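Numbering (UniProt numbering), first residue to last: 1 to 107.
Backbone N, C-alpha and C define an ideal beta-carbon position, used for all residues, glycine too.
As the structure is a prediction and not an experimental result, all values here were calculated from the model.
What follows is a short report on a single structure.
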């Protein structure tokens, strides 16, 4: 079962209070068959712990890696994964759709 939005935001708040850097990844757009709808979230802290889902598991690893860069730099990123994208096959997004994920530092 995927975590509720309230759980994800609570985790972000708790991690931040504990002194962690935190990033929030949000699905902002989907095309075709996408594993999670727009508005789905994944929260990541600076030690790579995460909660939530932006893709049902198929691109989370790549999003976590990018989120660690966002936490370090403070610069947000727009990521795109789709079956025409070689990266998508490498990370396992073979569902036939495309997703765009916005990753931003929290706080």
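Exercise. Hey, out of 102, 40, 98, 97, whose CA is closest to residue 66's CA?
Worked result: 102
For this session: Pick helix, strand or coil for residue 1, following the three-state DSSP scheme.
Result: For residue 1, the pLDDT reaches just 38, beneath the cut-off of 50, and the residue's location in the model is therefore unreliable, although a value from the coordinates is still provided. It is coil, neither helix nor strand.
Problem set entry | Bridge-paired residues (DSSP) for residue 105 | 23
For this session: Report the residue from 25, 76, 74 whose alpha carbon sits nearest the alpha carbon of residue 54.
Result: Out of 25, 76, 74, 25 has the C-alpha closest to the C-alpha of residue 54.
Exercise. Does DSSP put residue 56 in a helix, a strand or coil?
Worked result: coil
For this session: Note down the Cα distance separating residue 104 from residue 79, rounded to an integer number of angstroms.
Result: 11 Å
Problem set entry | Simplified DSSP state of residue 61, which is helix, strand or coil | helix
Exercise. Who are the Cβ neighbours of residue 15 in its own chain at under 7 Å, not counting the five residues just before and after it?
Worked result: 22, 45
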